[in-house]
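Structure first, commentary second.
2 protein chains.
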Amino acid sequence: MKLLKERILKDGKVIGEDILKVDSFLNHQVDVKLLNEMGKEFAMRFKDTKVDKILTIEASGIGIACIVAQYFDVPVVFAKKHKGLNMDNSVYETEVFSFTKNTTYNVRVAKDFITPNEKILIIDDFLANGKAIEGLMDIINQGKAETVGIGIVIEKAFQNARVDIENTGVRLESLAIIEGFKDGKVYLK
Amino acid sequence: MKLLKERILKDGKVIGEDILKVDSFLNHQVDVKLLNEMGKEFAMRFKDTKVDKILTIEASGIGIACIVAQYFDVPVVFAKKHKGLNMDNSVYETEVFSFTKNTTYNVRVAKDFITPNEKILIIDDFLANGKAIEGLMDIINQGKAETVGIGIVIEKAFQNARVDIENTGVRLESLAIIEGFKDGKVYLK
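Same order as they appear, the protein sequences are chains L and X. Residue numbers 18 to 206, in this note's numbering, belong to the letters of the first sequence in order. Residue numbers 18 to 206, in this note's numbering, belong to the letters of the second sequence in order.
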């Protein structure tokens, strides 16, 4: 997606060897107009896919998923990383390793919000090591629903998550694919 | 807002003495169509207010803020509760007590995303004890920007946060106001 790639090259900041900071338009400050363009793009790429619901993970996936959901006319569910006092125990739960935060944490979705046979599109901001997506797919499996596709804003191709996902037979669409970083510069596919 | 009030009465669940669970449409599963109606309502209520940016707090404020922002044609910034590896130290930071989670935590916004004199509308899902809103206003003050309004989806009037906010001279608009809970029922204003 040209508009996104240009924005990454203009405003993305490379931190160290392998982190891309896109805080100015994607996951701290959010350019809602750009999100709308992404929504249109995902709708086009998944136009032949029946989607009943979008699943994402808090926090930075939520805004993207909600805007994208408008183009599919479906509700969003976001997996929670933190158990509030008002969340009971009827949840599907799985463990995820976070690349940017370098910790393992649990994510959960209330059983009420994953229905058997439901066709679920996963939307998230980054695909790095693939652990978050793997966790969401595990939750969808636990709920006997179906992952019909995965829509990613920025894929870090050099962390090789794509192969494992494609081996499951699920379609993966990324709006921008990063080949690597070198001397603080981003190399896009 | 009639549509929201009806939805709260239909799908809201009272937990204990003072918690309203609206997980099925607002802060776990998200009814994006309802969010759009809220966006229209906030745009109407703040139609005479100049807004440059919307500020919210992760996680459940993000989806609402992003949808609402479409009706103001402005970007969203969400205050972060967790410091990632890719967040440096140039942040405005403040302490917030969470009513539902019964803990104190820090929230932060990168200094880059609050500009002096910027007119900021705060959007959040709940107004309970008012501590989250107070924290966001503190961050806006630190950045020498201006809080031009506060838009809340559900206000718990019995926790009395409104008086302190109105004393600051900032306009507060809540789409649904809860007078109290009794025998597991919600009493709306």
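Built from N, CA and C at the ideal position, the CB exists for glycine as well. These numbers were taken from a predicted model, which means no experiment stands behind them.
Closer than 7 angstroms: is that where the CB of residue i sits relative to any heavy atom of the ligand SAM?
{"i": "valine 203 of chain X", "result": "With respect to the ligand SAM, the structure offers nothing, as it holds no ligand at all."}
Quick one: residues in its chain with C-beta nearer than 6 angstroms to the C-beta of residue i, no 5 flanking neighbours on either side, listed in chain order?
{"i": "phenylalanine 116 of chain X", "result": "Ala145 and Asn146"}
{"i": "glutamate 172 of chain L", "result": "Leu144, Ser191 and Ile194"}
{"i": "leucine 21 of chain L", "result": "Leu192 and Ala193"}
{"i": "valine 170 of chain X", "result": "Asp142 and Leu192"}
Determine whether the Cβ of residue i lies closer than 8 angstroms to any Cβ atom of chain X.
{"i": "leucine 43 of chain L", "result": "no"}
{"i": "valine 47 of chain L", "result": "yes"}
{"i": "glutamine 176 of chain L", "result": "no"}
{"i": "aspartate 142 of chain L", "result": "no"}
{"i": "alanine 60 of chain L", "result": "no"}
{"i": "aspartate 65 of chain L", "result": "no"}
{"i": "isoleucine 139 of chain L", "result": "no"}
Going by DSSP, what residues sit across from residue i in a beta bridge?
{"i": "glutamate 172 of chain X", "result": "X:Leu144 and X:Ile194"}
{"i": "alanine 127 of chain L", "result": "L:Val108"}
{"i": "valine 68 of chain X", "result": "In the DSSP output, where bridge partners are listed per residue, valine 68 of chain X has none listed."}
{"i": "isoleucine 74 of chain L", "result": "L:Ala96"}
{"i": "glycine 166 of chain X", "result": "X:Leu138"}
{"i": "leucine 189 of chain X", "result": "X:Ile167"}
{"i": "tyrosine 122 of chain L", "result": "L:Val113"}
What residues in its chain sit with their C-beta under 7 angstroms from that of residue i, if we drop five residues either side in the sequence?
{"i": "isoleucine 84 of chain X", "result": "Val49, Leu52, Asn53 and Gly56"}
{"i": "alanine 149 of chain L", "result": "Ile74, Val113 and Asp141"}
{"i": "isoleucine 32 of chain L", "result": "Lys38"}
Is there a Cβ of chain L sitting closer than 8 angstroms to that of residue i, yes or no?
{"i": "alanine 76 of chain X", "result": "yes"}
{"i": "proline 92 of chain X", "result": "yes"}
{"i": "aspartate 35 of chain X", "result": "no"}
{"i": "glycine 80 of chain X", "result": "yes"}
{"i": "leucine 20 of chain X", "result": "no"}
{"i": "aspartate 95 of chain X", "result": "The displayed chain sequence assigns phenylalanine, not aspartate, to residue 95 of chain X. Chain L, which has a Cβ nearer than 8 angstroms to the Cβ of phenylalanine 95 of chain X, makes this yes."}
{"i": "leucine 205 of chain X", "result": "no"}
{"i": "aspartate 69 of chain X", "result": "no"}
{"i": "phenylalanine 198 of chain X", "result": "no"}
{"i": "glutamine 87 of chain X", "result": "yes"}
{"i": "phenylalanine 114 of chain X", "result": "no"}
Skipping 5 residues on each side, what residues in its chain have a beta carbon closer than 8 angstroms to that of residue i?
{"i": "alanine 96 of chain X", "result": "Leu72, Thr73, Ile74, Glu75, Val124, Arg125, Val126, Gly152, Leu153 and Ile156"}
{"i": "aspartate 181 of chain X", "result": "Gly147 and Glu151"}
{"i": "phenylalanine 9 of chain X", "result": "Absent from the model: residue 9 of chain X. The displayed extent of chain X is 18 to 206, so no value can be given."}
By how many angstroms is the C-alpha of residue j removed from the C-alpha of residue i?
{"i": "alanine 162 of chain L", "j": "leucine 189 of chain L", "result": "18 angstroms"}
{"i": "glycine 29 of chain L", "j": "valine 68 of chain L", "result": "31 angstroms"}
{"i": "phenylalanine 59 of chain X", "j": "isoleucine 79 of chain X", "result": "15 angstroms"}
{"i": "tyrosine 122 of chain X", "j": "isoleucine 139 of chain X", "result": "19 angstroms"}
{"i": "histidine 99 of chain X", "j": "isoleucine 167 of chain X", "result": "23 angstroms"}
{"i": "glycine 160 of chain X", "j": "serine 107 of chain X", "result": "12 angstroms"}
{"i": "isoleucine 165 of chain L", "j": "phenylalanine 63 of chain L", "result": "In the sequence as displayed, the identity of residue 165 of chain L is valine instead of isoleucine. Approximately 9 angstroms between the Cα atoms of the pair."}
{"i": "phenylalanine 175 of chain L", "j": "lysine 202 of chain L", "result": "14 angstroms"}
{"i": "tyrosine 88 of chain X", "j": "leucine 37 of chain L", "result": "30 angstroms"}
{"i": "aspartate 40 of chain X", "j": "threonine 185 of chain X", "result": "31 angstroms"}
{"i": "glutamate 183 of chain L", "j": "methionine 61 of chain L", "result": "20 angstroms"}
{"i": "valine 94 of chain L", "j": "glutamine 46 of chain X", "result": "4 angstroms"}
{"i": "phenylalanine 130 of chain X", "j": "aspartate 200 of chain X", "result": "45 angstroms"}
{"i": "asparagine 158 of chain X", "j": "proline 92 of chain L", "result": "36 angstroms"}
{"i": "threonine 132 of chain X", "j": "threonine 132 of chain L", "result": "44 angstroms"}
{"i": "lysine 206 of chain X", "j": "lysine 70 of chain X", "result": "30 angstroms"}
{"i": "asparagine 177 of chain L", "j": "serine 77 of chain L", "result": "22 angstroms"}
Output the boundary residues of the beta strand (DSSP E) element that contains residue i.
{"i": "valine 94 of chain L", "result": "93-96"}
{"i": "leucine 37 of chain X", "result": "36-38"}
{"i": "valine 203 of chain L", "result": "202-205"}
{"i": "lysine 30 of chain X", "result": "30-32"}
Could you please give the first and the last residue of the uninterrupted alpha helix (DSSP H) stretch that includes residue i?
{"i": "glycine 56 of chain X", "result": "49-62"}
{"i": "asparagine 184 of chain L", "result": "179-184"}
Please identify, using Cβ separations under 8 angstroms, the residues of the region 120-132 of chain L that lie next to chain B, in order along the chain.
Looking for chain B here will not work: the only protein chains present are L and X.
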